[in-house]
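Protein chains in written order, with this note's numbering: chain A, 189 to 492; chain B, 189 to 492.
Number of protein chains: 2
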Amino acid sequence: MNRFELSILGCGSAFPTLRHNPSAQALSHRDRVFLVDCGEGTQQHYRRQGLKLMRLQHIFISHLHGDHCLGLVGLISTLGLLDRGGEVIIHAVPDALRIFPPLFETFCQELPFEVRIEPFSPFKSATIYEDDTLTVKTLPLKHRIPAAGFLFEEKEAPRHLLGDMAEFYKIPHYRRAEIKAGADFVLPDGTVVPNSRLTRPAAPPVRYAYCSDTAYNEKLIPLIEGVDLLYHEATFGDEAVAMARHTLHSTARQAGLMARNARVKKLMIGHFSARYNDEETLLAEAREEFADTILAREGLRYSF
Amino acid sequence: MNRFELSILGCGSAFPTLRHNPSAQALSHRDRVFLVDCGEGTQQHYRRQGLKLMRLQHIFISHLHGDHCLGLVGLISTLGLLDRGGEVIIHAVPDALRIFPPLFETFCQELPFEVRIEPFSPFKSATIYEDDTLTVKTLPLKHRIPAAGFLFEEKEAPRHLLGDMAEFYKIPHYRRAEIKAGADFVLPDGTVVPNSRLTRPAAPPVRYAYCSDTAYNEKLIPLIEGVDLLYHEATFGDEAVAMARHTLHSTARQAGLMARNARVKKLMIGHFSARYNDEETLLAEAREEFADTILAREGLRYSF
């Protein structure tokens, strides 16, 4: 059973092409949709994929380059035209507090909800979001301006109580929560039924790491080790490794290296430079380091 | 021979739909392209129509609602990635001087050209652009915030000197400019050859008026009288005339009425509300007032 669905809204880089939109992706988990980055045009690409704006409450912005955040004002304005209350929370570096509120004041008047910018430090990993099933942590990146990726991590779920055992031992409902949490069950005659007989472990938590934009950064490895899916930027190919170094971006090979070193389960590469007319070479280079690599593309939905 | 080509990049209104982009259009005249309004995503729609960013130097913004200008920062940033010098001039209401320079500073660093915002008053018609063949005048509109449309007007061209007459009378080259300007030609024997025998009038100047967003505004009539093409907003249909009045927009019928009263040659309606799944009803209502009406749509190229 898949727990996440990732929708790629844009996987191009700064120079827009006719093939790629600027960075944005929507991550669905249960009844929530999280938006990760919000390049120009994101609201239209979001709706084009049949996603519901009403379900969107948390927006995570990796850094303040235009191709990752210039769709924010239009999106908030459109959310304001929907009949929704509550609040919309934008997680971003502190500089967002200087840039966006004046724009919301100019272009998003009379919003029926609060817009709150929750600043995070891009320099150390910290939990910036938590609900009953999920946490989101920042992943410090190495880019020309302060930038962070995001780790979406399911919480450890309680063990599953086996239905036939619960019935056989006549376990009352008020005891079940503690048994799911790991307790044994004591029968009226004092016999102890060990927890392992009554429950099976829940499926392990699923984890997703988003790392864009960044140079190859070894410090990420312990933070993203073993994630189910790593989205890593791969702006350039081998032939432009000097350009990658200069602009603090990664090559596809470096993305593959990161996936291998962090022993992730799957790698998706994106944030492709406009110089490539197709990304097959990038894919091949990444796969030389890490076989289980796929290409991001607009419209792709990936469940895991 | 057509002098203008109008490319519709977006003809929706504030709430984006899957059918329409926010307002933007490119008007080509000789080797220049003028951008009129620049909603979110304009740079991508511009390039999708095969238009060249290098040819773009003047951008005209009707008013500072997001659906008419939120694509500006991304566009300027992208122009900055091209190897071009000179300057880019944004014609807009004075408030643009407060809003955009800080954004250009944040998102468009190290531009290889100057960006200049040329403020205009939205309250009186004035010439805000002029080159050797064209002028652009503002058209004060009636909207919730200060707004102006634009009148693109070819200059009166000199008369055409008839080739066979020039040869027959042996008119020397250095006399031809004054004859094109209307002078008669005097033969060596003193005979006066009247100008009307030597020249024919140039084709009359072509004019284009862009009026969005605006309530029905009678004051526009003398300013746009007889234009070759009028683009007029038609956000709503008859059934929503109260809504049009309340939001200072026009109905399709009012756009038709404006076209009829201003005796324009052709009307194109646009800026359609998201409530309409197709605009045939709007078209029919406009045509009841002015038969020669067409619908704007993304991708439409109209030559005149």
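Don't be surprised by glycine CBs; every beta carbon is placed ideally from N, CA and C.
Since the structure is predicted, the reported quantities are computational estimates derived from the model, not experimental observations.
Let me check understanding here. Comparing Cα to Cα, which of A/ASP377, A/GLU476, A/VAL276 and A/THR387 lies closest to A/GLU366? A/THR387
Counting Cβ pairs, one atom from each stretch, are 3 or more of them under 8 Å apart for the stretch 323 to 341 of chain A and the stretch 388 to 402 of chain A? Taking a cut-off of 8 Å on C-beta distances, the stretch 323 to 341 of chain A touches the stretch 388 to 402 of chain A, as three or more cross pairs fall below it.
Between A/SER216, A/PRO307, A/CYS199 and A/THR315, which lies nearest to A/ASN190 when the distance is taken from Cα to Cα? A/SER216
Rounded C-beta distance between B/ALA314 and B/THR326? I'm assuming under 8 Å. Going by Cβ atoms, the distance from B/ALA314 to B/THR326 rounds to 6 Å, so yes, they are a contact pair.
Inter-residue Cα distance where the pair is B/THR439 and B/ASP320: 37 Å
Have a look at A/GLU306 and B/CYS257 and give me their C-alpha separation to the nearest angstrom. Their backbone Cα atoms lie some 26 Å apart in a straight line.
Can you name, in chain order, every residue of its own chain whose Cβ lies under 8 Å from the Cβ of B/ARG364, other than the five neighbours on each side? LEU349 and ALA354
Who does B/SER198 pair with in a DSSP beta bridge? Rather than Ser, the amino acid found at residue 198 of chain B in this sequence is Gly. B/ALA212.
Just checking A/GLY274 against the ligand SAH - is the residue's beta carbon closer than 7 Å to any of the ligand's heavy atoms? Among the components of this structure there are no ligands whatsoever, and the ligand SAH is therefore not found.
Which value, in whole angstroms, describes the spacing of the CA atoms of A/LEU512 and A/LYS453? Given that chain A is displayed from residue 189 to residue 492, the structure contains no residue 512 of chain A and the question cannot be resolved.
Can you name the residues of chain B whose CB is closer than 8 Å to the CB of A/ARG236? LEU206
Cβ neighbour criterion (16 or more within 10 Å) applied to B/ASP416: buried
With distances taken from CA atoms, which of A/TYR357, A/ASN449 and A/PHE248 is nearest A/PRO310? A/PHE248
For A/ILE482, the residue or residues it bridges with in DSSP: A/MET456
How should B/ARG441 be labelled, buried or exposed, when 16 other C-beta atoms within 10 angstroms of its C-beta is the threshold for buried? buried
Rank B/PRO210, B/MET242, B/GLU298 and B/SER250 by C-alpha distance to the C-alpha of B/HIS233 and give the top, closest one. B/PRO210
I want to see whether chain B comes within less than 8 Å of A/PHE295, judged by CB atoms only; does it? Interface residue, yes.
Span of the alpha helix (DSSP H), counted from its first residue to its last, around B/LYS368: B/LYS368 -> alpha helix (DSSP H) spans 361 to 368.
Considering just the uninterrupted stretch of the alpha helix (DSSP H) at A/PRO410, what are its terminal residues? 409 to 412
Anticipated Cβ contact below 8 Å, B/ALA462 with B/GLY200, distance rounded: Sure, about 7 Å apart at Cβ, within 8 Å.
Looking only at its own chain, which residues have a Cβ that is under 6 Å from the Cβ of B/LEU445, when we skip the five neighbours before and after it? GLU477
Identify which residue in A/ASN465, A/ARG207 and A/LEU408 has its Cα closest to the Cα of A/ALA443. A/LEU408
Using three-state DSSP, classify A/THR315 as helix, strand or coil. strand
Give a yes or no on whether the minimum CB-CB distance between A/VAL381 and chain B is below 8 Å. No, its Cβ sits nowhere closer than 8 Å to a Cβ of chain B.
If we count Cβ pairs, one from each stretch, closer than 8 Å, do we get three or more for the stretch 275 to 282 of chain A versus the stretch 297 to 306 of chain A? The stretch 275 to 282 of chain A, when compared against the stretch 297 to 306 of chain A, does touch it at the 8 Å Cβ threshold.
Nearest neighbour of A/ARG243, chosen from A/GLY227, A/ARG218, A/THR230 and A/GLU467 [CA to CA]: Closest in alpha carbon position to A/ARG243, among A/GLY227, A/ARG218, A/THR230 and A/GLU467, is A/ARG218.
By DSSP's criteria, B/TYR234 is part of a beta bridge. Which residues make up the other side? Answer is none; B/TYR234 lacks a bridge partner.
If you measure from the beta carbon of B/ILE359 to each beta carbon in chain A, is any gap under 8 Å? no
is_contact[A/LEU258, chain B] using C-beta, thresh 8 Å: yes
Cβ-based burial, A/LEU418 [other Cβ within 10 Å; buried from 16]: buried
Just to confirm the assignment, what range does the alpha helix (DSSP H) spanning A/HIS434 have? 429 to 435
So, is B/THR379 buried or exposed, given that buried needs 16 or more other C-beta atoms within 10 angstroms? exposed
For a cutoff of 8 Å on Cβ pairs, would you count A/VAL221 as touching chain B? At a cut-off of 8 Å between C-beta atoms, A/VAL221 does not count as an interface residue with respect to chain B.
Is it right to say A/SER195 is buried, meaning 16 or more other beta carbons lie within 10 angstroms of its own, or is it exposed? Result: buried.
Hey, A/CYS296 and A/SER265 are a contact pair by Cβ (cut 8 Å); roughly how many whole angstroms apart? 5 Å
Identify the contact partners of B/ASN261 in chain A, using a Cβ-Cβ distance below 9 Å as the criterion. The amino acid at residue 261 of chain B is misidentified as Asn; the sequence shows Val. Chain A residues near B/VAL261: GLU228, GLY254 and LEU258.
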